[in-house]
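Position one of the sequence shown corresponds to residue 1 (UniProt numbering), numbered consecutively onward. Quick reminder that beta carbons are idealized off the backbone N, C-alpha and C, glycines included. Bear in mind the structure is a predicted one, so any value in this text is a computation, not a measurement.
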Amino acid sequence: MVGGGQGAYIGNIHRLASRLDGQWQLVAGAFDVDPARGRDFAIAQGLDPARSYGTYQELIAGEAAREDPVDAVAICTPNFTHYPIAKALIEAGFEVICEKPLTATLADAVALEALARESGRFVGVTYTYSGYPLVHEARVRIARGEIGDVRTVQVEYPLEWMSAPIEKAGNQQAAWRTDPLKNGRGGSIGDIGTHAYHLAGFVTGLKLESLTADLATFVEGRALDDNAHVLLRYQGGARGLLWSSQVAIGNSNGVRLRVFGSKGSFQWYQEQPNELIYTPLDGRVQVIKRGSADLSEDAAARTRTPPGHPEGYLEAFANLYLGFAEAIRARREGREPGPAGRNLPLAYDGLKGVAFVEAVVDSAEAEDQPWITPVAV
(Lines of atoms letter the chains of each structure in order from A and count residues from 1; the text may use other names and numbers.)
(Lines give C-alpha, C1' and ligand atoms only; values in the text may rest on other atoms or scores of the structure.)
Protein backbone atom coordinates (compact mmCIF):
# COMPACT_ATOMS: atom_id res chain seq x y z
CA MET A 1 0.00 0.00 0.00
CA VAL A 2 1.08 3.55 -0.76
CA GLY A 3 -0.49 6.18 1.49
CA GLY A 4 -3.37 5.39 3.82
CA GLY A 5 -1.33 5.70 7.00
CA GLN A 6 -2.10 7.07 10.45
CA GLY A 7 -5.39 9.01 10.47
CA ALA A 8 -6.30 8.19 6.86
CA TYR A 9 -9.88 6.93 6.66
CA ILE A 10 -9.69 5.23 3.27
CA GLY A 11 -6.47 3.37 4.01
CA ASN A 12 -8.08 1.52 6.89
CA ILE A 13 -11.07 0.65 4.73
CA HIS A 14 -8.75 -0.88 2.13
CA ARG A 15 -6.92 -2.87 4.79
CA LEU A 16 -10.08 -4.22 6.39
CA ALA A 17 -11.80 -4.98 3.09
CA SER A 18 -8.81 -6.74 1.58
CA ARG A 19 -8.64 -9.15 4.53
CA LEU A 20 -12.30 -10.09 4.65
CA ASP A 21 -12.16 -13.04 2.25
CA GLY A 22 -8.62 -14.15 3.01
CA GLN A 23 -7.46 -13.41 -0.54
CA TRP A 24 -4.96 -10.67 0.31
CA GLN A 25 -2.28 -10.08 2.91
CA LEU A 26 -0.69 -6.68 3.53
CA VAL A 27 3.07 -7.28 3.50
CA ALA A 28 4.68 -4.00 2.41
CA GLY A 29 3.94 -0.30 2.39
CA ALA A 30 5.01 3.32 2.14
CA PHE A 31 2.25 4.85 4.21
CA ASP A 32 3.05 8.52 4.71
CA VAL A 33 4.58 11.57 3.07
CA ASP A 34 6.80 11.68 6.14
CA PRO A 35 9.10 8.64 5.70
CA ALA A 36 9.80 8.15 9.41
CA ARG A 37 6.14 8.37 10.35
CA GLY A 38 5.28 5.98 7.54
CA ARG A 39 7.82 3.42 8.70
CA ASP A 40 6.57 3.67 12.27
CA PHE A 41 3.02 3.07 11.08
CA ALA A 42 4.07 0.08 8.99
CA ILE A 43 5.82 -1.55 11.91
CA ALA A 44 2.80 -0.86 14.12
CA GLN A 45 0.72 -2.75 11.54
CA GLY A 46 3.01 -5.75 12.00
CA LEU A 47 4.95 -5.42 8.75
CA ASP A 48 8.51 -6.59 8.40
CA PRO A 49 10.78 -3.55 8.97
CA ALA A 50 12.62 -4.51 5.78
CA ARG A 51 9.39 -3.95 3.84
CA SER A 52 8.41 -0.77 5.68
CA TYR A 53 9.41 1.83 3.13
CA GLY A 54 9.79 5.60 3.36
CA THR A 55 8.65 6.42 -0.18
CA TYR A 56 6.85 4.71 -3.03
CA GLN A 57 10.08 4.82 -5.04
CA GLU A 58 11.79 2.84 -2.27
CA LEU A 59 8.88 0.40 -2.24
CA ILE A 60 9.14 -0.21 -5.98
CA ALA A 61 12.90 -0.70 -5.86
CA GLY A 62 12.76 -2.86 -2.76
CA GLU A 63 9.97 -5.13 -3.94
CA ALA A 64 11.36 -5.47 -7.47
CA ALA A 65 14.60 -6.80 -6.01
CA ARG A 66 12.87 -9.51 -3.96
CA GLU A 67 12.21 -13.11 -4.99
CA ASP A 68 8.74 -12.77 -3.46
CA PRO A 69 7.57 -9.28 -4.49
CA VAL A 70 4.05 -8.02 -3.79
CA ASP A 71 1.34 -9.07 -6.26
CA ALA A 72 -0.29 -5.65 -6.36
CA VAL A 73 -0.04 -2.20 -4.82
CA ALA A 74 -3.03 -0.21 -3.51
CA ILE A 75 -2.77 3.56 -4.01
CA CYS A 76 -4.53 5.40 -1.17
CA THR A 77 -3.08 8.90 -1.62
CA PRO A 78 -4.59 12.28 -2.63
CA ASN A 79 -5.72 12.58 -6.25
CA PHE A 80 -2.80 14.55 -7.65
CA THR A 81 -0.34 11.78 -6.73
CA HIS A 82 -2.23 8.89 -8.36
CA TYR A 83 -0.71 9.31 -11.81
CA PRO A 84 3.00 9.38 -10.99
CA ILE A 85 2.67 6.52 -8.50
CA ALA A 86 0.53 4.31 -10.77
CA LYS A 87 2.73 5.03 -13.79
CA ALA A 88 5.88 4.06 -11.90
CA LEU A 89 4.25 0.88 -10.60
CA ILE A 90 2.99 -0.23 -14.01
CA GLU A 91 6.33 0.46 -15.64
CA ALA A 92 7.98 -1.64 -12.93
CA GLY A 93 5.61 -4.53 -13.69
CA PHE A 94 3.23 -4.32 -10.73
CA GLU A 95 -0.56 -4.69 -10.73
CA VAL A 96 -2.39 -1.66 -9.32
CA ILE A 97 -5.49 -0.99 -7.23
CA CYS A 98 -6.19 2.74 -7.27
CA GLU A 99 -8.53 5.00 -5.36
CA LYS A 100 -10.89 7.09 -7.45
CA PRO A 101 -10.67 9.36 -9.30
CA LEU A 102 -8.01 7.59 -11.35
CA THR A 103 -6.05 10.83 -11.77
CA ALA A 104 -6.47 14.55 -11.15
CA THR A 105 -6.33 15.57 -14.83
CA LEU A 106 -7.80 14.19 -18.04
CA ALA A 107 -4.43 14.13 -19.82
CA ASP A 108 -3.01 11.94 -17.06
CA ALA A 109 -6.05 9.64 -17.13
CA VAL A 110 -5.75 9.15 -20.89
CA ALA A 111 -2.04 8.41 -20.58
CA LEU A 112 -2.46 6.02 -17.65
CA GLU A 113 -5.29 4.06 -19.24
CA ALA A 114 -3.22 3.66 -22.42
CA LEU A 115 -0.21 2.54 -20.39
CA ALA A 116 -2.30 -0.04 -18.52
CA ARG A 117 -3.81 -1.36 -21.75
CA GLU A 118 -0.54 -1.56 -23.66
CA SER A 119 1.41 -3.09 -20.77
CA GLY A 120 -1.23 -5.67 -19.89
CA ARG A 121 -1.01 -4.69 -16.23
CA PHE A 122 -4.16 -4.95 -14.14
CA VAL A 123 -5.50 -1.62 -12.87
CA GLY A 124 -8.58 -1.79 -10.65
CA VAL A 125 -10.38 1.36 -9.48
CA THR A 126 -12.32 1.34 -6.22
CA TYR A 127 -15.77 2.51 -7.26
CA THR A 128 -17.20 1.05 -4.08
CA TYR A 129 -20.89 1.05 -4.87
CA SER A 130 -20.45 -1.41 -7.73
CA GLY A 131 -19.52 -3.96 -5.05
CA TYR A 132 -22.99 -4.27 -3.54
CA PRO A 133 -24.81 -7.53 -4.39
CA LEU A 134 -28.15 -5.88 -5.18
CA VAL A 135 -26.49 -3.32 -7.43
CA HIS A 136 -25.36 -6.30 -9.50
CA GLU A 137 -28.83 -7.79 -9.26
CA ALA A 138 -30.36 -4.60 -10.67
CA ARG A 139 -27.76 -4.60 -13.44
CA VAL A 140 -28.58 -8.19 -14.44
CA ARG A 141 -32.34 -7.65 -14.36
CA ILE A 142 -32.17 -4.45 -16.40
CA ALA A 143 -30.00 -6.21 -18.99
CA ARG A 144 -32.64 -8.98 -19.12
CA GLY A 145 -35.27 -6.38 -19.98
CA GLU A 146 -37.35 -6.67 -16.82
CA ILE A 147 -38.18 -2.94 -16.80
CA GLY A 148 -38.17 -2.57 -20.59
CA ASP A 149 -36.33 0.28 -22.25
CA VAL A 150 -34.68 2.60 -19.75
CA ARG A 151 -36.20 6.06 -19.93
CA THR A 152 -34.94 7.99 -16.92
CA VAL A 153 -32.07 7.59 -14.46
CA GLN A 154 -31.83 9.62 -11.27
CA VAL A 155 -28.77 9.24 -9.09
CA GLU A 156 -27.64 11.29 -6.11
CA TYR A 157 -24.85 11.41 -3.56
CA PRO A 158 -25.50 14.02 -0.85
CA LEU A 159 -23.22 14.63 2.13
CA GLU A 160 -23.22 17.21 4.90
CA TRP A 161 -19.66 16.97 6.18
CA MET A 162 -18.35 20.11 4.46
CA SER A 163 -21.31 22.40 5.18
CA ALA A 164 -18.95 24.61 7.20
CA PRO A 165 -15.41 25.68 6.18
CA ILE A 166 -13.77 22.84 8.08
CA GLU A 167 -10.73 22.99 5.81
CA LYS A 168 -9.84 26.29 7.48
CA ALA A 169 -10.09 24.67 10.92
CA GLY A 170 -7.38 22.13 10.22
CA ASN A 171 -9.34 19.23 8.73
CA GLN A 172 -6.73 17.73 6.39
CA GLN A 173 -9.19 15.52 4.51
CA ALA A 174 -11.22 18.60 3.59
CA ALA A 175 -8.11 20.72 2.95
CA TRP A 176 -6.75 18.75 0.03
CA ARG A 177 -10.24 18.12 -1.37
CA THR A 178 -10.78 21.88 -1.70
CA ASP A 179 -7.37 22.55 -3.28
CA PRO A 180 -7.49 22.45 -7.11
CA LEU A 181 -3.79 21.60 -7.27
CA LYS A 182 -4.34 18.44 -5.22
CA ASN A 183 -7.93 17.46 -5.98
CA GLY A 184 -8.31 18.45 -9.62
CA ARG A 185 -10.88 20.74 -11.24
CA GLY A 186 -13.97 19.24 -9.62
CA GLY A 187 -14.91 19.52 -5.95
CA SER A 188 -18.01 17.56 -5.00
CA ILE A 189 -18.39 16.39 -8.59
CA GLY A 190 -14.89 14.91 -8.57
CA ASP A 191 -14.98 13.49 -5.06
CA ILE A 192 -18.43 11.90 -4.96
CA GLY A 193 -20.12 12.80 -8.25
CA THR A 194 -17.85 10.33 -10.04
CA HIS A 195 -19.21 7.57 -7.80
CA ALA A 196 -22.76 8.50 -8.80
CA TYR A 197 -21.88 8.69 -12.50
CA HIS A 198 -20.20 5.29 -12.45
CA LEU A 199 -23.08 3.70 -10.51
CA ALA A 200 -25.71 4.92 -12.98
CA GLY A 201 -23.79 3.69 -16.00
CA PHE A 202 -22.80 0.41 -14.37
CA VAL A 203 -26.35 -0.56 -13.46
CA THR A 204 -28.11 0.58 -16.64
CA GLY A 205 -25.43 -0.19 -19.22
CA LEU A 206 -26.20 3.18 -20.80
CA LYS A 207 -23.48 5.23 -22.47
CA LEU A 208 -23.45 8.98 -22.00
CA GLU A 209 -24.04 11.09 -25.09
CA SER A 210 -23.78 14.58 -23.60
CA LEU A 211 -24.28 16.60 -20.43
CA THR A 212 -24.88 20.09 -19.14
CA ALA A 213 -24.02 21.14 -15.61
CA ASP A 214 -24.56 23.72 -12.91
CA LEU A 215 -21.89 23.87 -10.21
CA ALA A 216 -22.15 25.93 -7.04
CA THR A 217 -19.80 26.83 -4.22
CA PHE A 218 -21.89 27.69 -1.20
CA VAL A 219 -19.18 27.91 1.45
CA GLU A 220 -17.43 31.23 1.05
CA GLY A 221 -13.77 31.13 0.13
CA ARG A 222 -13.71 27.69 -1.48
CA ALA A 223 -12.01 27.33 -4.84
CA LEU A 224 -14.00 24.26 -5.91
CA ASP A 225 -17.68 23.35 -6.12
CA ASP A 226 -19.43 21.84 -3.12
CA ASN A 227 -22.71 21.16 -4.96
CA ALA A 228 -23.44 19.94 -8.49
CA HIS A 229 -26.51 19.35 -10.63
CA VAL A 230 -25.94 17.61 -13.96
CA LEU A 231 -28.43 16.79 -16.71
CA LEU A 232 -27.49 13.72 -18.72
CA ARG A 233 -28.47 12.59 -22.21
CA TYR A 234 -27.70 8.96 -22.91
CA GLN A 235 -27.24 7.27 -26.26
CA GLY A 236 -30.56 5.83 -27.36
CA GLY A 237 -32.66 8.62 -25.86
CA ALA A 238 -32.69 7.98 -22.12
CA ARG A 239 -32.32 10.98 -19.83
CA GLY A 240 -30.63 11.34 -16.47
CA LEU A 241 -30.23 13.66 -13.50
CA LEU A 242 -27.23 13.56 -11.17
CA TRP A 243 -26.85 15.48 -7.91
CA SER A 244 -23.75 15.51 -5.74
CA SER A 245 -23.36 17.69 -2.68
CA GLN A 246 -20.99 18.08 0.24
CA VAL A 247 -23.25 20.66 1.92
CA ALA A 248 -26.57 18.78 2.13
CA ILE A 249 -27.27 19.01 5.86
CA GLY A 250 -28.99 15.91 7.20
CA ASN A 251 -27.39 13.54 4.70
CA SER A 252 -24.59 11.09 5.41
CA ASN A 253 -23.46 9.19 2.30
CA GLY A 254 -27.03 9.13 1.03
CA VAL A 255 -26.36 7.35 -2.27
CA ARG A 256 -29.61 6.73 -4.15
CA LEU A 257 -30.28 5.28 -7.59
CA ARG A 258 -33.63 5.16 -9.36
CA VAL A 259 -34.04 3.70 -12.84
CA PHE A 260 -37.37 4.04 -14.66
CA GLY A 261 -38.15 2.01 -17.76
CA SER A 262 -41.09 1.42 -20.07
CA LYS A 263 -42.25 -1.63 -18.07
CA GLY A 264 -41.17 -0.89 -14.52
CA SER A 265 -38.55 0.58 -12.22
CA PHE A 266 -35.79 -0.28 -9.77
CA GLN A 267 -34.78 1.76 -6.74
CA TRP A 268 -31.76 1.19 -4.51
CA TYR A 269 -30.60 3.21 -1.50
CA GLN A 270 -27.21 2.68 0.09
CA GLU A 271 -28.64 3.28 3.56
CA GLN A 272 -30.86 0.22 2.96
CA PRO A 273 -28.44 -1.73 0.75
CA ASN A 274 -29.92 -5.16 1.35
CA GLU A 275 -33.15 -4.34 -0.48
CA LEU A 276 -33.87 -3.61 -4.13
CA ILE A 277 -37.31 -2.17 -4.83
CA TYR A 278 -38.89 -3.45 -8.05
CA THR A 279 -42.12 -1.94 -9.34
CA PRO A 280 -43.55 -3.47 -12.53
CA LEU A 281 -46.07 -1.60 -14.64
CA ASP A 282 -49.58 -2.34 -13.30
CA GLY A 283 -48.12 -4.71 -10.71
CA ARG A 284 -47.33 -4.92 -7.04
CA VAL A 285 -44.26 -3.35 -5.53
CA GLN A 286 -41.72 -6.07 -4.77
CA VAL A 287 -38.81 -5.93 -2.34
CA ILE A 288 -35.93 -8.12 -3.50
CA LYS A 289 -33.78 -9.20 -0.56
CA ARG A 290 -30.04 -9.74 -0.62
CA GLY A 291 -29.33 -13.40 0.04
CA SER A 292 -32.54 -14.69 -1.53
CA ALA A 293 -32.27 -18.05 -3.25
CA ASP A 294 -33.41 -16.76 -6.65
CA LEU A 295 -30.79 -14.03 -7.10
CA SER A 296 -28.50 -13.94 -10.09
CA GLU A 297 -25.07 -15.57 -10.09
CA ASP A 298 -23.51 -12.10 -10.08
CA ALA A 299 -25.32 -11.12 -6.88
CA ALA A 300 -24.87 -14.50 -5.20
CA ALA A 301 -21.10 -14.39 -5.77
CA ARG A 302 -20.97 -11.19 -3.69
CA THR A 303 -23.25 -12.32 -0.86
CA ARG A 304 -21.89 -13.70 2.40
CA THR A 305 -24.81 -14.01 4.83
CA PRO A 306 -28.51 -14.96 4.63
CA PRO A 307 -31.29 -12.33 4.46
CA GLY A 308 -31.80 -10.53 7.75
CA HIS A 309 -28.08 -10.40 8.52
CA PRO A 310 -27.12 -6.99 7.10
CA GLU A 311 -24.18 -6.52 4.78
CA GLY A 312 -23.01 -3.05 3.87
CA TYR A 313 -20.21 -0.75 2.83
CA LEU A 314 -17.24 -2.73 4.10
CA GLU A 315 -18.50 -5.91 2.47
CA ALA A 316 -19.09 -4.06 -0.81
CA PHE A 317 -15.53 -2.77 -0.70
CA ALA A 318 -14.35 -6.30 0.07
CA ASN A 319 -16.20 -7.56 -2.99
CA LEU A 320 -13.97 -5.33 -5.12
CA TYR A 321 -10.87 -6.84 -3.54
CA LEU A 322 -12.31 -10.34 -3.96
CA GLY A 323 -12.94 -9.57 -7.62
CA PHE A 324 -9.52 -8.01 -8.17
CA ALA A 325 -7.85 -11.13 -6.74
CA GLU A 326 -9.90 -13.43 -8.97
CA ALA A 327 -9.27 -11.30 -12.06
CA ILE A 328 -5.51 -11.19 -11.48
CA ARG A 329 -5.34 -14.95 -10.85
CA ALA A 330 -7.42 -15.68 -13.95
CA ARG A 331 -5.11 -13.57 -16.10
CA ARG A 332 -2.05 -15.36 -14.78
CA GLU A 333 -3.64 -18.78 -15.24
CA GLY A 334 -4.95 -18.01 -18.72
CA ARG A 335 -8.60 -18.64 -17.91
CA GLU A 336 -11.86 -16.75 -17.73
CA PRO A 337 -12.55 -15.28 -14.29
CA GLY A 338 -15.37 -16.58 -12.13
CA PRO A 339 -18.44 -14.44 -11.31
CA ALA A 340 -16.68 -12.39 -8.61
CA GLY A 341 -13.94 -11.41 -11.06
CA ARG A 342 -16.28 -10.07 -13.73
CA ASN A 343 -17.85 -6.63 -14.17
CA LEU A 344 -15.17 -4.84 -12.18
CA PRO A 345 -14.27 -1.14 -12.33
CA LEU A 346 -11.00 -0.97 -14.27
CA ALA A 347 -8.71 1.65 -15.81
CA TYR A 348 -11.14 2.64 -18.56
CA ASP A 349 -13.87 3.19 -15.98
CA GLY A 350 -11.44 5.43 -14.15
CA LEU A 351 -10.75 7.34 -17.37
CA LYS A 352 -14.49 7.77 -17.95
CA GLY A 353 -14.88 9.22 -14.47
CA VAL A 354 -12.15 11.83 -15.01
CA ALA A 355 -13.53 12.70 -18.45
CA PHE A 356 -16.96 13.15 -16.89
CA VAL A 357 -15.63 15.61 -14.31
CA GLU A 358 -13.77 17.53 -17.01
CA ALA A 359 -16.92 17.84 -19.15
CA VAL A 360 -19.01 18.91 -16.13
CA VAL A 361 -16.59 21.69 -15.21
CA ASP A 362 -16.25 22.81 -18.84
CA SER A 363 -20.03 23.03 -19.15
CA ALA A 364 -20.48 24.87 -15.86
CA GLU A 365 -17.72 27.40 -16.65
CA ALA A 366 -19.09 28.27 -20.09
CA GLU A 367 -21.46 31.24 -20.24
CA ASP A 368 -24.34 29.35 -21.84
CA GLN A 369 -23.80 26.01 -20.05
CA PRO A 370 -23.55 24.03 -23.30
CA TRP A 371 -24.15 20.33 -23.79
CA ILE A 372 -20.76 18.62 -23.88
CA THR A 373 -19.73 15.10 -24.83
CA PRO A 374 -16.98 13.71 -22.56
CA VAL A 375 -13.83 12.36 -24.18
CA ALA A 376 -14.67 8.89 -22.83
CA VAL A 377 -18.26 7.83 -22.25
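Assumed close pair residue i, residue j - CB separation to whole angstroms, cut-off 8 Å
i      : j      : result
Gly184 : Gly193 : Gly184 to Gly193, Cβ: 12 Å. No contact.
Gln235 : Val255 : Incorrect: roughly 24 Å between the Cβ atoms, too far for contact.
Tyr56  : Ala36  : Not confirmed; about 15 Å, so no contact.
Ala88  : Val96  : 10 Å between Cβ atoms; not a contact.
Leu112 : Ala376 : Contact doesn't hold; Cβ gap of about 12 Å is too wide.
Leu320 : Leu351 : Leu320 to Leu351, Cβ: 18 Å. No contact.
N- and C-terminal bounds of the alpha helix (DSSP H) containing residue i
i           : result
Ile75       : First-last for Ile75: 72-76, but that is the beta strand (DSSP E), not the alpha helix (DSSP H).
residue 379 : The shown model of the chain, from 1 to 377, leaves out residue 379, and the question about it has no answer.
Arg331      : 313-333
Ala109      : 106-119
Glu297      : 297-300
Gln57       : 56-64
Gly4        : Careful: Gly4 lies outside any alpha helix (DSSP H) and carries neither H nor E.
Val357      : 347-365
Glu137      : 133-143
Ala36       : 35-44
Test item: CB-CB of residue i and residue j under 8 Å
i      : j      : result
Gly205 : Ile147 : no
Glu176 : Pro78  : Before going on, a small fix: residue 176 reads as Trp here, not Glu. It is a contact, given that the beta carbons lie within the stated cut-off.
Leu242 : Gly186 : no
Glu76  : Val150 : Here the sequence assigns Cys to residue 76, which means Glu is not the residue at that position. Not closer than 8 Å, so no.
Ile125 : Leu102 : The residue you asked about is not Ile; residue 125 is Val in the sequence shown. Yes.
Pro307 : Arg290 : yes
Ile249 : Ser163 : yes
Leu211 : Ala359 : yes
Ser130 : His198 : yes
Ala64  : Ala92  : yes
Ile90  : Ala116 : yes
Val153 : Gly237 : no
Phe94  : Ala72  : yes
Ser245 : Asn227 : yes
Leu208 : Pro374 : yes
Pro180 : Val219 : no
Val203 : Ala299 : no
Contact set for residue i: own chain, Cβ-Cβ below 7 Å, skip 5 residues either direction
i      : result
Thr279 : Gly264, Ser265, Val285
Ala8   : Cys76
Beta-carbon proximity list for residue i, same chain, < 6 Å, skipping 5 on both sides
i      : result
Ala301 : Pro339, Ala340
Ala325 : Gln23
Arg258 : Gln154, Gln267
Pro310 : Asn274
Simplified DSSP assignment, three categories, for residue i
i      : result
Val377 : coil
Ile85  : helix
Pro180 : helix
Ile288 : strand
Pro280 : strand
Val96  : strand
Leu102 : coil
Gly11  : helix
Glu275 : strand
Ser52  : strand
Ile90  : helix
Ala293 : coil
Ile249 : coil
Host beta strand (DSSP E) of residue i (start-end)
i      : result
Ser244 : 239-245
Gln154 : 150-158
Asp226 : Note, Asp226: premise wrong, no beta strand (DSSP E); not H, not E.
Asp214 : 208-216
Arg258 : 256-261
Phe266 : 264-269
Val125 : 123-125
Same chain only: Cβ atoms within 8 Å of residue i, ignoring 5 sequence neighbours per side
i      : result
Val27  : Leu47, Asp48, Arg51, Val70
Leu314 : Ile13, Leu16, Ala17, Leu20
Cβ-heavy atom distance, residue i to the ligand NAD, below 7 Å
i     : result
Arg39 : By its list of ligands, the structure shown contains no ligand whatsoever, and the ligand NAD lies outside what it can speak to.
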